[in-house]
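Asker: I'd like to ask you about the structure that follows.
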Amino acid sequence: MNPRERIRRFIVDTFFVESFSDEESFLRSGIIDSLGMLDLVAFLESEFGIKIYDEELVPQNLDSLANVAAFAERKRLSVTAA
Amino acid sequence: MGGRANEVDRALPWLESTSANGDRSTADWSGRTIPRPKGTYTDRGGLSSGEARLTQPGALPAWVSRLSVIAASARTRLSDLGTSARLRGCASVGPSTKALGRVWVHGKGKVHIADGVILDGRAAPIELHAHPSAVIRIGSGARVEGGASLEAVSRIEIGRGVRLGAYCKILDNHFHSVGRERHRPPPSRPIVVEEGASVGARAILLPGAHIGSGAVVPADAVISRRFGAVMSAADQPVAAGGIGAVTGPAAVRAMPFLPGRFWFGKLRGQIDVMRAAWYLRGCERGPRVRATGPVRVAPDGSVRIGARTVFVGGMIPSRIECEPGASIEIGSSTVFNYGVTLAASESIRIGSRTMFGSLVRVCDRGEAGSQPVVIGDDVWVAHGATIGPGVTVGSGSVIAAGSVVTSDVPPESLAIGNPARSMSLSLRANDPAPGASQGGLQEVPG
């Protein structure tokens, strides 16, 4: 399963959403609230072995599946490069 | 008669006895014993000889046991009267429901309590607050511990046999917005706790929480969505791709202007100023500092409170503890809900227009000694949050309910979790259904 599908599965299982598009804003549609964001961040850290800093907790990184997947990929590459 | 005996049994568990052959039994009104099947009763330990006598009428003169029964009956009737008085604000109350200690029913909404509910407010008050048009329903056989607070602006449903732990907080509205318009209450989202679920002590159920049947919410947990296996499809806080339906009036309503109420409010304001002057007499106060309930103050150091600051009364008084040589400085127009603790060994500085929810704790002393705490202007610290030593909270930030803040929070951030992480204030769900909110500020969130 590719990273995007793993994240999608986590969101479906945790937040009980049936379907959402890759580009859909979690915050505008109300799929994930701020507490949920904390769960999502904890999942990304444990699943991909990355460390996410507080200043990276911004909508540009976390507000849609596409953004989250891209952000996780970027972080993972930076970890492997280091 | 049997029903009556059961009632006495519930009210007077010490009437229970153990017969010579070890069978559990209960004293009837006439002194007869009603055998209980084995293994159906929790053992409460040893019994005194006096208890055993009640089931053996021959052991003492008949008038003694009769007197005991009359006393038991009077006690039950008194307890029933107490329950009726405490729950007089409810729209409906089931027949064998018991309210013990302090149980407060507030607001103009409807509170329905089913049969066999126990509201045990002996250790701390229980608060059921239904705003106008809101509904709180508590199912049969539920048990609510002291310090529990339920506040509904739209709807809170507590299922059958649910247990609500001590000091748990259930509120279906945040009462303030996270964004710029802090005093605009957002729309409500109903809360459902399905049957047999258990909510741990000090847990917080936020708008949209839906606790599944039989689920166990741990102590200190903060829940704002589905938790456990939800049985009913209705009331799901999050539907596919959108926010669940907001039902009912859903918003805190502004009070209409009435001249009588205006002058009454003025008078009450004056009383609040005098109350603050009395309770905060050891502190340096600016003008118009108000207290709507008691405040416990130990001002051994220097305590300065800015103008128009308000201490809201409630189930537990707020406390200001300032050790010798330490200082507490509070800016103007700051609001403290009930049960806030400020404990300074060195220094706590709080800015202006900051809001503290109930049961917030700010302490500048930890294992590594004392380090000053600084909280900026326009900060909102929500219910049950803890701010630890050495922390600086930037202006305009929000500390989420139940968070434990151990490191600095930058300005305009949302600190959330235990230990709290700071995220961008823009990283939050947008308020649903714009326009649903219609009112002014009524109170600080729970």
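Protein sequences, first through last, are from chains A and B.
Each residue of the first sequence is one higher than the last, beginning at 1 in my numbering.
Each residue of the second sequence is one higher than the last, beginning at 1001 in my numbering.
In this text, a Cβ means the ideal position worked out from N, Cα and C, and glycines have one as well.
#1: Would you please verify whether the beta carbon of residue 69/A is less than 8 Å from any beta carbon of chain B?
#2: How many Å lie between residue 1396/B and residue 1072/B at the Cα?
#3: Sorted by chain position, which residues of the same chain lie with C-beta nearer than 6 Å to residue 1108/B's C-beta, five sequence neighbours on each side aside?
#4: According to DSSP, is residue 1203/B helix, strand or coil?
#5: Along the region 2-36 of chain A, what residues have a CB closer than 9 Å to any CB found in chain B?
#6: Relative to the C-alpha of residue 1305/B, which residue among 1334/B, 1090/B, 1317/B is closest?
#7: How is residue 1133/B classed by DSSP in three states: helix, strand or coil?
#8: Are the CB atoms of residue 79/A and residue 49/A nearer to each other than 8 Å?
#9: Quick one, are the C-beta atoms of residue 1177/B and residue 1154/B less than 8 Å apart?
#10: Please name the residue, chosen from 51/A, 46/A, 56/A, that lies closest to residue 6/A on a Cα-to-Cα basis.
#11: Does the Cβ-Cβ distance between residue 1331/B and residue 1358/B come in under 8 Å?
#12: Are the C-beta atoms of residue 1397/B and some chain A residue less than 8 Å apart?
#13: What does the Cβ neighbour count give for residue 1161/B, buried or exposed, with the cut at 16 atoms within 10 Å?
#14: Could you run through the region 1394-1427 of chain B and flag, in chain order, every residue whose CB is less than 7 Å away from some CB of chain A?
#15: Among the residues of its own chain, which have a CB less than 7 Å from the CB of residue 16/A, if the five just before and after it don't count?
#16: Can you name the start and end residues of the alpha helix (DSSP H) that residue 1266/B belongs to?
#17: Beta strand (DSSP E) containing residue 1299/B: first to last residue?
#18: Does the CB of residue 40/A have a neighbour CB from chain B at under 8 Å?
#19: Would residue 1174/B be called buried (16 or more neighbouring beta carbons within 10 Å of its own) or exposed?
#20: Cutting at 8 Å between CB atoms, please list the residues of its own chain near residue 1421/B, excluding the five before and the five after it.
#21: Does residue 65/A have its Cβ less than 8 Å from a Cβ in chain B?
#22: Note down, in chain order, every chain B residue with its Cβ under 9 Å from the Cβ of residue 79/A.
#23: With residue 1411/B and residue 1394/B assumed to form a contact (beta carbons below 8 Å), what rounded beta-carbon distance in angstroms separates them?
#24: When the Cα atoms are used, what is the spatial distance from residue 1119/B to residue 1344/B?
#25: Within 10 Å of its beta-carbon, does residue 1279/B have 16 or more other beta-carbons around it, so buried, or fewer, so exposed?
#26: Taking the alpha carbon of residue 1102/B as the point to measure from, which residue in 1139/B, 1147/B, 1115/B has its own alpha carbon closest?
#27: Give every residue of the same chain whose Cβ lies closer than 6 Å to the Cβ of residue 1032/B, excluding the five residues on either side of it in the sequence, and list them in chain order.
#28: Along chain B, in chain order, which residues have C-beta atoms closer than 7 Å to that of residue 62/A?
#29: Using only the alpha-carbon positions, how far apart do residue 25/A and residue 35/A sit?
#30: With distances taken Cα to Cα, identify the nearest neighbour of residue 1199/B among 1186/B, 1135/B, 1149/B.
#31: Cutting at 8 Å between CB atoms, please list the residues of its own chain near residue 1314/B, excluding the five before and the five after it.
#32: Evaluate residue 996/B with the Cβ neighbour count: other Cβ atoms within 10 Å of its Cβ, from every protein chain shown; 16 or more gives buried, anything less gives exposed.
#33: What in chain A is Cβ-close to residue 1182/B, meaning under 8 Å?
#34: Using the Cα positions of residue 13/A and residue 81/A, report the straight-line distance between them to the nearest angstrom.
#35: Please report whether the beta-carbon of residue 1379/B lies at a distance below 8 Å from any beta-carbon of chain A.
#36: Check the Cβ of residue 1222/B against every Cβ in chain A and list those closer than 7 Å, keeping chain order.
Answerer: In short:
#1: As a working mapping, residue 69/A is identified with position 69 in the first sequence. No, residue 69/A does not count as interfacial toward chain B.
#2: Position 396 of the second sequence, counted from the start, is the residue given in the question as residue 1396/B. Position 72 of the second sequence, counted from the start, is the residue given in the question as residue 1072/B. Going from the Cα of residue 1396/B to the Cα of residue 1072/B covers about 58 Å.
#3: The residue you call residue 1108/B lines up with position 108 of the second sequence. Only 1132 meet the Cβ criterion.
#4: Within the second sequence, numbered from 1, the residue matching residue 1203/B stands at position 203. Residue 1203/B falls in the coil class under three-state DSSP.
#5: 14, 15, 16, 17, 18, 19, 20, 21, 24, 25, 26, 27, 28, 29, 30, 31, 32, 33, 34, 35, 36
#6: Here residue 1305/B refers to the residue found at position 305 when the second sequence is read from its first residue. When each option's Cα is compared against that of residue 1305/B, the closest is 1334/B.
#7: Taking the second sequence and counting its residues from 1, the one referred to as residue 1133/B is at position 133. It is coil, neither helix nor strand.
#8: Locating residue 79/A in the first sequence gives position 79, counting from the first residue. Locating residue 49/A in the first sequence gives position 49, counting from the first residue. Yes, these two residues count as a Cβ contact at 8 Å.
#9: By 1-based counting over the second sequence, the position of residue 1177/B is 177. By 1-based counting over the second sequence, the position of residue 1154/B is 154. No, Cβ-Cβ distance for residue 1177/B and residue 1154/B is not below 8 Å.
#10: The residue labelled residue 6/A in the question sits at position 6 within the first sequence. Checked all of 51/A, 46/A, 56/A; the closest Cα to residue 6/A is 46/A.
#11: Here residue 1331/B refers to the residue found at position 331 when the second sequence is read from its first residue. Here residue 1358/B refers to the residue found at position 358 when the second sequence is read from its first residue. No, these two residues do not count as a Cβ contact at 8 Å.
#12: The residue given as residue 1397/B occupies position 397 in the second sequence. By this cut-off, residue 1397/B is not an interface position.
#13: Translated into positions along the second sequence, residue 1161/B becomes position 161. It is buried - the Cβ of residue 1161/B has at least 16 other Cβ atoms within 10 Å.
#14: 1400, 1414, 1416, 1417, 1421, 1422, 1423, 1424, 1426, 1427
#15: Sequence index remark: in the first sequence, residue 16/A carries index 16 (1-based). Closer than 7 Å at the Cβ level, and outside the excluded window around residue 16/A, lies no residue.
#16: On the second sequence, residue 1266/B is found 266 positions in, with the first residue counted as 1. First-last of the alpha helix (DSSP H) with residue 1266/B: 1259-1279.
#17: The residue you call residue 1299/B lines up with position 299 of the second sequence. Looking at the DSSP string, the run of the beta strand (DSSP E) that includes residue 1299/B is 1295-1299.
#18: For this step, residue 40/A is matched to residue 40 along the first sequence. With 8 Å as the cut-off, residue 40/A does not count as an interface residue toward chain B.
#19: For the purposes of this step, residue 1174/B is taken as the residue at position 174 of the second sequence. So residue 1174/B ends up on the buried side.
#20: Locating residue 1421/B in the second sequence gives position 421, where the first residue counts as 1. Once the five neighbours on either side are set aside, the close Cβ partners of residue 1421/B are 1415.
#21: For this step, residue 65/A is matched to residue 65 along the first sequence. It does not: the Cβ of residue 65/A has no partner Cβ on chain B nearer than 8 Å.
#22: The residue you call residue 79/A lines up with position 79 of the first sequence. The contacting residues do not exist; residue 79/A stays about 19 Å from chain B at best.
#23: By 1-based counting over the second sequence, the position of residue 1411/B is 411. By 1-based counting over the second sequence, the position of residue 1394/B is 394. Contact flag correct, Cβ pair sits at about 3 Å.
#24: For the purposes of this step, residue 1119/B is taken as residue 119 along the second sequence, with counting starting at 1. For the purposes of this step, residue 1344/B is taken as residue 344 along the second sequence, with counting starting at 1. Looking at the two C-alpha atoms, the distance is approximately 36 Å.
#25: As a position in the second sequence, residue 1279/B is number 279, starting the count at 1. So residue 1279/B counts as buried.
#26: In the second sequence, residue 1102/B corresponds to position 102, counting from 1. Residue 1102/B has its Cα closest to that of 1147/B, out of 1139/B, 1147/B, 1115/B.
#27: In the second sequence, the residue the question calls residue 1032/B occupies position 32. Per-residue confidence for residue 1032/B stands at a pLDDT of 45, beneath the threshold of 50, marking its modelled position as unreliable; the derived number appears in the next sentence. Hits under 6 Å: none found.
#28: Here residue 62/A corresponds to residue number 62 of the first sequence, with the count starting at 1. 1427, listed in chain order.
#29: The residue given as residue 25/A occupies position 25 in the first sequence. The residue given as residue 35/A occupies position 35 in the first sequence. Cα to Cα, the separation comes out at about 16 Å.
#30: Along the second sequence, one-based indexing puts residue 1199/B at 199. Of the candidates 1186/B, 1135/B, 1149/B, the one whose C-alpha sits nearest the C-alpha of residue 1199/B is 1149/B.
#31: The count along the second sequence starts at 1 and reaches residue 1314/B at position 314. Same-chain partners within the cutoff: 1127, 1293, 1337, 1338, 1339, 1358.
#32: Only positions 1001 to 1446 of chain B appear in the structure, and residue 996/B is not among them; the question remains open.
#33: Here residue 1182/B refers to the residue found at position 182 of the second sequence. Chain A residues near residue 1182/B: none, gap ~16 Å exceeds 8 Å.
#34: The residue you call residue 13/A lines up with position 13 of the first sequence. The residue you call residue 81/A lines up with position 81 of the first sequence. Roughly 32 Å separates the two Cα atoms.
#35: As a working mapping, residue 1379/B is identified with position 379 in the second sequence. It does not; no Cβ of chain A falls within 8 Å.
#36: Taking the second sequence and counting its residues from 1, one reaches residue 1222/B at position 222. Near residue 1222/B (Cβ distances below 7 Å), the residues of chain A are 35.
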